[in-house]
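>
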Amino acid sequence: MHRHTIQHCRTCGVTVDHRVPGDGDTRERAVCPACGTVHYVNPLLVVGTVPYLGDQVLLCKRAIEPRHGKWTLPAGFMELGETMAQGAARETAEEAGAEIEMGAFFSAMSIPRVGQVHVFYLARLLHGRFNPGHESLEARLFTESEVPWNDLAFTTVRETLQRFFADRRRGQFGVHDVDIA
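So the sequence shown is numbered by the working numbering: it starts at 512 and just counts up by one.
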């Protein structure tokens with residue numbers, strides 16, 4: 512699926528070949544015929560939080576594509592130079608304008624079909640005031656029964672919320688590793 516995302520060598524600009532480079536590699540890669548640079552395409556990391564206040568979670572209504580107008584947990588692509596937790600906190604501030612106390616690592620969801628891994632941390636909200644950024648139409652608290660389950664933006668959000676509420680009912684939060692086909 513991702514084999515032709517690189518067309519030109521990032522080192523010298525020559526059009527790359529797509530082949531198994533050798534040296535024990537077993538996957539087709541973008542290989543520069545001029546300078547020999549092997550280019551790798553790796554999954555993107557999406558980081559976010561499950562912000563909660565009492566028995567409610569904070570969701571953001573998306574103002575951007577994909578899934579404009581659908582509800583999501585605050586999350587986005589991790590940036591270079593930040594840890595997963597720093598990225599998750601940054602995304603929560605940017606998308607929801609929420610003040611949080613970062614909690615424990617909660618879930619990792621692999622989505623090979625789109626080349627992404629989504630990671631969520633628990634985050635206790637310090638209060639119920641929000642100031643959503645330009646990527647969100649609104650930010651609101653929901654109890655489990657109020658969550659707009661049919662209007663969630665992503666499968667990873669649904670899976671994470673289901674595990675959050677199940678763990679909350681049990682009185683103990685676990686760590687969840689999920690593969691989404």
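All residues carry an ideal CB built from backbone N, CA and C; glycine is no exception.
1) Helix, strand or coil for Gln518, going by three-state DSSP, please let me know.
2) Around the Cβ of Ser606, are there at least 16 other Cβ atoms within 10 angstroms (buried) or fewer (exposed)?
3) Considering only the beta carbon of each residue, do Gly598 and Glu590 sit closer than 8 Å?
4) Using 8 Å as the cut-off, can you tell me whether the region 527 to 538 makes contact with the region 568 to 587, which would need three or more C-beta pairs spanning the two stretches below that distance?
5) So if DSSP puts Ser621 in a beta bridge, which residue, or which two residues, is it bridged to?
6) For Pro544, which residues of its own chain have a beta-carbon under 7 Å away from its beta-carbon, when the five flanking residues on both sides are left out?
7) Quick check: what's the CA-CA separation for Ala586 versus Ala692?
8) Check this for me: beta carbons of Phe675 and Val561, under 8 Å apart or not?
9) Enumerate in chain order the residues of its own chain whose CB-to-CB distance from Val630 is below 6 Å, with the five nearest sequence positions on each side excluded.
10) Buried or exposed for Arg573, going by 16 or more other Cβ atoms inside 10 Å?
11) Is Val531 buried or exposed, if buried means 16 or more other CB atoms sit within 10 Å of its CB?
12) From the DSSP output, which residues share a beta bridge with Leu562?
13) Arg578 to Arg681, Cα distance in whole Å?
14) Tell me which residues share the same chain as Glu649 and place their Cβ nearer than 8 Å to its Cβ, disregarding the 5 neighbours each side in the sequence.
On the basis of the coordinates in this document:
1) DSSP, reduced to helix, strand and coil, places Gln518 outside both helices and strands of the structure shown, so it counts as coil.
2) It should be noted that the sequence gives Glu, not Ser, for residue 606. Buried: at least 16 other Cβ atoms inside 10 Å.
3) Yes, Cβ-Cβ distance for Gly598 and Glu590 is below 8 Å.
4) Here the region 527 to 538 makes no contact with the region 568 to 587; the two share fewer than three CB pairs at distances below 8 Å.
5) Beta-bridge pairing links Ser621 to Val628, Asp690.
6) Within the same chain, Pro544 has close Cβ partners Val525, Asp528.
7) If you take the alpha carbons of Ala586 and Ala692, they lie about 20 Å apart.
8) A distance below 8 Å separates the beta carbons of Phe675 and Val561.
9) Exclusion of the five residues before and after Val630 leaves Val558, Met595, Ala619 as the residues of its chain whose Cβ lies within less than 6 Å of its Cβ.
10) Its Cβ being crowded by 16 or more others within 10 Å, Arg573 is buried.
11) Exposed: under 16 other Cβ atoms inside 10 Å.
12) The amino acid at residue 562 is misidentified as Leu; the sequence shows Pro. Per DSSP, Ala634.
13) When rounded, the distance between both Cα atoms is 32 Å.
14) Here the set comprises Cys571, Lys572, Pro643.
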